[in-house]
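All remarks here apply to the structure that follows.
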Amino acid sequence: MMPQSVSSTEGSLSDFSTQRAYKKLNVITQKPHYVGSEYHGVVADFLIKELQDLGLETSVQEGYSLTDWGNLVKSKNILARIKGKANTKALLLLSHYDSAPHTKSLGASDDGSGIVTILEGLRTYLHNNSDPKNDIIILFSDAEELGLNGASLFVTQHKWAKEVGLAINFEARGTSGPSYMLMEANDGNASLVQHFAEAKPKFPVSNSLMYSIYKMLPNDTDLTVFREEGKIQGFNFAFIDGHYNYHTSQDNKNNLSLKTLKHQGTYLMAMLNYFGNTDLSNLTTSEDEVYFNTPFNFTHYSFDWNFPLIALAFTIFIAFVFIGIGKKVLHVADMLRGFIPFLSTVVISGLLGFLGWQLLLLIYPQYRDILHGFTYNGHNYILAFSSLALMISFLFYKNYKSETQIMNGTVAPIFLWILINLLIAVYLPG
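Residues 1 to 430 (the working numbering) are what the sequence shown spells out, left to right.
Structure below.
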């Protein structure tokens, strides 16, 4: 799902180097750099110099933007541009450079990781004398933490915004773990999904159920502004593990996973090499696709296949049930009895999980003060409750020893699995 090792050396200049990217955080993360802080200006100057050192002409966009909730902010966006061979829609690389205010966050992951990923990716791309068809616009946006103000300023007031065909945003809501692809589509996702698959990122991690849930959540990123205010579609790449460090002083360089940073780099290089030479003028479609990653592939197919596939699964299920009954391997009474241990396991595990967490809150009331709801030892609790559920399952199924008992007991979970898939297809298509 993600890189499992990171070289301790910088490696060839022709390759994206996680170590080179990581070193740039030394400057960015020395102090908090929220909008209005003294170090915010230091980081801005550093980024301008980094882009200039790559041979890029940079510009600064300053201005005020007002959010829907009345948040008026002066933002300072940093921009650069790589000219393409053709007069086509541009590819935009996006990441914000301000850190979260009021928390002493050093912004290593959110969003220094995105900034250094883009800087190292651009260095690699230019070093290899890549000659893109499309212009590539670089936007290091400001005031994301205050209300996506920098992104809004660019989309509504900068002339380049009308030339953008696709935006790629690097974000973080944690400090480790795999980076997930979440898209922002104006209508259907089919075109974006197909192009993403053709780009062939080395470690694609995403699924359309995640996409369906994401669309229902109030969480926004800079890319949301591009879609809503500029009708510009795009991809988010973000990681969420270790999110107890998010927007805290723990968002520092030491807590940022190098494997995660490398994962971001694998996405960027694949996206740059593919979308830099792909027609971005017609990515809108009304069709949606189901998609998910497997250990060795990225699979996708039309939403139109949802119900036929469920019908096929249900038909096969019914056929096996009747065949089993005909061969006197399955028995109606035994299949119905199979629901007892299964539902008991589900209900009791759920209740113990809920009540167990309430008990932990009584023992450790300070857990209620954790804004993100996930404790520093949260993975241990997940392991403990999962082990408890597994133990409960063993207790209920310990007498299912013969092949006939096992087959009759399997009917209930398969039936519920098909039912859950049907409900998801109706209410969360994806």
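Each residue gets a CB set at the ideal place from its N, CA and C atoms; glycine is no exception.
Among the bridge pairs identified by DSSP, Ala-197 is matched with none. In the DSSP assignment, Ile-138 forms a beta bridge with Ala-80, Leu-93. Residue environment: Asp-142 is assigned as buried (16 or more neighbouring CB atoms within 10 Å of its CB, all protein chains considered).
Along the length of the segment 231 to 299, whole alpha helix (DSSP H) runs at least 4 residues long occupy 258 to 275, reported in chain order. The segment 76 to 90 makes no contact with the segment 226 to 237: fewer than 3 CB pairs, one atom from each, lie closer than 8 Å. Contact between the segment 10 to 27 and the segment 254 to 270 is present: 3 or more CB-CB pairs across the two stretches fall below 8 Å. With 16 or more other Cβ atoms from the protein chains shown falling within 10 Å of its own Cβ, His-33 counts as buried.
Selection Ile-48, Ser-212, Leu-25, Thr-266 evaluated against Gln-4 yields Thr-266 as nearest (Cα-Cα).
A distance below 7 Å between beta-carbons, with the five flanking residues on each side excluded, links Ala-185 to the following residues of its chain, in chain order: Leu-192, Gln-233.
Of the candidates Asp-222, Gly-356, Thr-9, Asp-222 places its Cα closest to the Cα of Thr-156. When the beta-carbon positions are compared, Gly-114 and Glu-171 come within less than 8 Å of each other. In the DSSP assignment, Gly-63 forms a beta bridge with Ser-75. The beta carbon of Thr-67 sits closer than 6 Å to the beta carbons of Gly-147 from its chain, once the five residues preceding and following it are set aside; these are given in chain order. When Ser-257, Leu-217, Pro-413, Thr-58 are compared, the shortest CA-CA separation from Ser-344 is found for Pro-413. In the three-state DSSP reduction, Asn-207 falls in the strand class (E or B).
Inter-segment contact for the segment 304 to 322 and the segment 203 to 223 is absent: fewer than three beta-carbon pairs are separated by less than 8 Å. When DSSP states are grouped into helix, strand and coil, Ala-151 belongs to the helix group. Inclusion of Lys-253 and Ala-108 in the CB contact set at 8 Å is warranted, their separation being smaller than that value. Note: Met-181 is bridge-paired with Phe-237 in the DSSP secondary-structure output.
Here Leu-362 carries a helix assignment [DSSP, helix/strand/coil]. Contact check for Asn-277 and Lys-162: beta-carbon distance about 21 Å, past the 8 Å limit, so the pair fails to qualify. In the DSSP annotation of this structure, the continuous segment of the beta strand (DSSP E) that includes Glu-171 starts and ends at 164 to 172. With a cutoff of 8 Å on beta-carbon distance, Leu-209 and Ile-138 are scored as not near each other. Classified as buried, Asp-288 has 16 or more neighbouring CB atoms from the shown chains inside 10 Å of its CB. When secondary structure is reduced to three states using DSSP, Ser-7 falls in the coil class, being assigned neither helix nor strand. Partner residues in the beta bridge of Tyr-301, as assigned by DSSP, are Val-290.
Approximately 5 Å separates the beta-carbon atoms of Leu-91 and Phe-275; this is inside 8 Å, confirming the contact.
Taking 8 Å as the cut-off, the beta carbon of Phe-239 is found closer than this to the beta carbon of Gly-174. For the segment 316 to 369, the continuous alpha helix (DSSP H) assignments of 4+ residues that do not extend past its boundaries occur at 332 to 337, 339 to 363, in sequence order.
Secondary structure at Thr-88: coil, using DSSP grouped into helix, strand and coil.
Around Ser-59, the same chain offers Leu-79 as residues with beta carbons nearer than 7 Å, after the five sequence neighbours per side are excluded.
Apart from the 5 residues on each side of it in sequence, Ser-99 sits with its Cβ closer than 6 Å to the Cβ of Pro-32, His-33, Tyr-34, Ser-105, Gly-107 in its chain, given in chain order.
Its Cα nearest to that of Leu-47, the residue Thr-29 stands out among Phe-196, Leu-13, Thr-29, Phe-322.
C-alpha of Pro-178 to C-alpha of Asp-241: approximately 8 Å in a straight line. According to DSSP, Thr-58 shares a beta bridge with Ala-80.
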